[in-house]
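Engineer: Numbering (this note's numbering), first residue to last: 13 to 337. Note that CB positions come from ideal geometry on N, CA and C, so glycine has one too. Mind looking over this structure? Questions follow.
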Ligand code: GDP
């Protein structure tokens with residue numbers, strides 16, 4: 013029974029004062045997840061703050077104080093919250109239009125904490141084209157189309173993920189060309205929205221002088237780009253949490269930049285040494301908790317197996333469609 017399992021989880025969480033991260037072994041339980049149980053071996057819990065996961069221009073340029081979740085609208089403070097309700101409200105990412113009391117497990121995207129809501133729509137990419145490289149945020153396209161900024165450490169798998177999303181190998185090569193790696197590269201998707209390839213950070217082998225000041229370069233983009241729906245922060249799940257990723261996540265969190273954690277290389281379940289992706293993901297979220305008392309949505313992906321591709325696109329569609337309202 014799905015609901016029974018959820019309740020068990022909620023009880024575990026209620027026993028702690030602080031929010032905790034839980035590892036659920038779905039495969040070892042009697043729970044059957046749909047649509048694809050094998051793709052979702054576990055769920056890590058995390059607090060969700062919708063206002064940090066999407067920006068809506070109609071509600072003001074600053075997302076932090078204006079967006080109200082359905083959850084917060086419908087919570088009756090005077091009534092004690094059930095364990096299941098608490099689980100739904102504190103662990104899952106609830107998009108707009110979702111009644112927390114009506115969330116069922118088949119609404120949760122496999123390998124993520126993301127609930128699919130009524131704004132999820134057409135998500136597949138039919139066409140994508142490189143549009144422009146910009147050296148500064150103010151040089152970026154000015155046509156008001158919504159966009160997703162993609163960032164991550166050098167070698168995290170950003171190009172591979174963009175290629176996998178658009179199913180077009182050569183497209184992300186654009187941003188690998190000499191001279192384009194430190195630029196903001198816009199790719200127009202279905203003639204209606206942008207994927208934005210932002211410069212990678214942490215070039216381990218580059219001499220100090222050649223390293224760019226990533227934060228000062230991208231800060232203007234993150235803080236002022238009105239059409240930014242959300243940042244996808246890519247984290248390599250095949251390695252333990254890296255300081256530079258934690259710094260970036262914490263910086264985005266402190267600055268209330270709407271974002272989604274996209275864990276890459278989740279196919280690497282058999283690592284020679286170290287820990288598995290699920291353990292690395294849990295550690296990462298524990299380490300950033302201080303700056304994210306309420307965590308954004310997260311999802312597991314692999315550009316090798318295609319894990320999470322369709323789910324990520326669906327998630328992006330609901331953020332985008334809500335933004336478009
Ligand atoms: P970028 O520097 O962030 O653009 O990273 P790339 O996309 O060039 O990938 C860096 C390396 O990681 C390459 O050797 C890729 O083949 C590898 N890689 C990227 N994504 C995945 C993935 O999902 N799984 C595995 N196993 N390797 C990946």
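Shorter than 7 Å, the distance from the beta carbon of residue 145 to the closest heavy atom of ligand 1, or not?
Structural biologist: Position 133 of the chain shown, counted from the start, is the residue given in the question as residue 145. Every heavy atom of ligand 1 is 7 Å or more from the Cβ of residue 145, so no.
Engineer: Does DSSP put residue 281 in a helix, a strand or coil?
Structural biologist: Counting from one through the chain shown, the residue named residue 281 turns up at place 269. It is coil, neither helix nor strand.
Engineer: Can you have a look at residue 248 and say buried or exposed, based on whether 16 or more other CB atoms are within 10 angstroms of its CB?
Structural biologist: For this step, residue 248 is matched to residue 236 along the chain shown. Result: buried.
Engineer: Measuring CB atoms only, is the stretch 106-119 touching the stretch 134-147, in the sense that at least three cross pairs come out at less than 8 Å?
Structural biologist: The answer is no - the stretch 134-147 does not touch the stretch 106-119, with fewer than three Cβ pairs under 8 Å.
Engineer: I'd like the span of the alpha helix (DSSP H) that includes residue 172, first residue to last.
Structural biologist: Residue numbering aside, residue 172 sits at position 160 when the chain shown is read from its first letter. 170-178 is the span of the alpha helix (DSSP H), which, as asked, contains residue 172.
Engineer: Given this structure, state the Cα-to-Cα distance separating residue 194 from residue 164, to the nearest angstrom.
Structural biologist: Here residue 194 is taken as the residue at index 182 of the chain shown, counted from 1. Here residue 164 is taken as the residue at index 152 of the chain shown, counted from 1. C-alpha separation (whole angstroms): 13 Å.
Engineer: Could you name the residues, in chain order, whose CB is less than 6 Å away from a heavy atom belonging to ligand 1?
Structural biologist: Taking each Cβ in turn, the ones that pass are 164, 166, 167, 168, 169, 170, 171, 172, 212, 276, 277, 279, 280, 314, 315 and 316.
Engineer: Opposite residue 163 in the DSSP bridges: which residues?
Structural biologist: The residue you call residue 163 lines up with position 151 of the chain shown. According to DSSP, residue 163 bridges with 245.
Engineer: Rounded to whole angstroms, what is the Cα-Cα separation between residue 98 and residue 199?
Structural biologist: Locating residue 98 in the chain shown gives position 86, counting from the first residue. Locating residue 199 in the chain shown gives position 187, counting from the first residue. Between residue 98 and residue 199, the C-alpha separation is close to 39 Å.
Engineer: If you compare alpha carbons, which of 266, 250, 96 and 263 is closest to residue 169?
Structural biologist: Taking the chain shown and counting its residues from 1, one reaches residue 169 at position 157. It is 250.
Engineer: So for residue 292, helix, strand or coil by DSSP?
Structural biologist: Position 280 of the chain shown, counted from the first residue, corresponds to residue 292. If DSSP states are grouped into helix, strand and coil, residue 292 belongs with the helices.
Engineer: Does DSSP classify residue 195 as helix, strand or coil?
Structural biologist: Here residue 195 refers to the residue found at position 183 of the chain shown. Note: residue 195 maps to coil in three-state DSSP.
Engineer: Taking the C-alpha atoms as reference points, what is the distance between residue 234 and residue 261?
Structural biologist: By 1-based counting over the chain shown, the position of residue 234 is 222. By 1-based counting over the chain shown, the position of residue 261 is 249. Those two C-alpha atoms are separated by around 13 Å.
Engineer: When the Cα of residue 278 is compared with those of 112, 124 and 109, which residue comes out closest?
Structural biologist: Start at 1 with the first residue of the chain shown, and residue 278 comes out as number 266. Minimum Cα distance to residue 278 is reached at 124.
Engineer: Taking the alpha carbon of residue 207 as the point to measure from, which residue in 243, 226, 230 and 225 has its own alpha carbon closest?
Structural biologist: Residue numbering aside, residue 207 sits at position 195 when the chain shown is read from its first letter. Nearest option by C-alpha distance: 243.
Engineer: Taking the alpha-carbon of residue 148 as reference, which of 197, 179, 175 and 112 has the nearest alpha-carbon?
Structural biologist: In the chain shown, residue 148 corresponds to position 136, counting from 1. Out of 197, 179, 175 and 112, 197 has the C-alpha closest to the C-alpha of residue 148.
Engineer: Cα separation between residue 134 and residue 177?
Structural biologist: Numbered from its first residue, the chain shown carries residue 134 at position 122. Numbered from its first residue, the chain shown carries residue 177 at position 165. Roughly 14 Å separates the two Cα atoms.
Engineer: Pair every Cβ in the stretch 309-317 with every Cβ in the stretch 264-281, then say whether three or more of these pairs are closer than 8 Å.
Structural biologist: Yes: at least three Cβ pairs fall under 8 Å.
Engineer: Could you tell me how far apart the beta carbons of residue 157 and residue 228 are, in whole angstroms, since I believe they sit closer than 8 Å?
Structural biologist: Stepping through the chain shown from its first residue, residue 157 is reached at position 145. Stepping through the chain shown from its first residue, residue 228 is reached at position 216. The pair is not a contact, with the Cβ atoms about 26 Å apart (cut-off 8 Å).
Engineer: Per DSSP, which residues does residue 205 bridge with? Please list them.
Structural biologist: To locate residue 205, count along the chain shown from 1; it is residue 193. Answer is 201, bridged to residue 205.
Engineer: Can you give me the C-alpha to C-alpha distance between residue 253 and residue 292, rounded to a whole angstrom?
Structural biologist: What you label residue 253 is simply residue 241 of the chain shown in a count that begins at 1. What you label residue 292 is simply residue 280 of the chain shown in a count that begins at 1. Their Cα atoms are separated by approximately 6 Å.
Engineer: Taking the Cβ atom as the reference point for each residue, do residue 161 and residue 210 lie within a distance shorter than 8 Å?
Structural biologist: Here the question's residue 161 lines up with position 149 in the chain shown. Here the question's residue 210 lines up with position 198 in the chain shown. In this structure, residue 210 lies closer than 8 Å to residue 161 by Cβ.
Engineer: On the CB-based measure, 16 or more other CB atoms within 10 Å of its CB, does residue 155 come out buried or exposed?
Structural biologist: The sequence position of residue 155 within the chain shown is 143, counting from 1. Classification for residue 155: exposed.
Engineer: For a test of the three-state rule: what should DSSP assign to residue 141, helix, strand or coil?
Structural biologist: Along the chain shown, one-based indexing puts residue 141 at 129. Residue state, collapsed to three classes: strand.
Engineer: In chain order, what residues of the same chain have a beta carbon less than 7 Å from the beta carbon of residue 300, not counting five sequence neighbours either side?
Structural biologist: Walking along the chain shown from the start, residue 300 turns up at place 288. The answer, listed in chain order, is 258, 261, 262 and 265.
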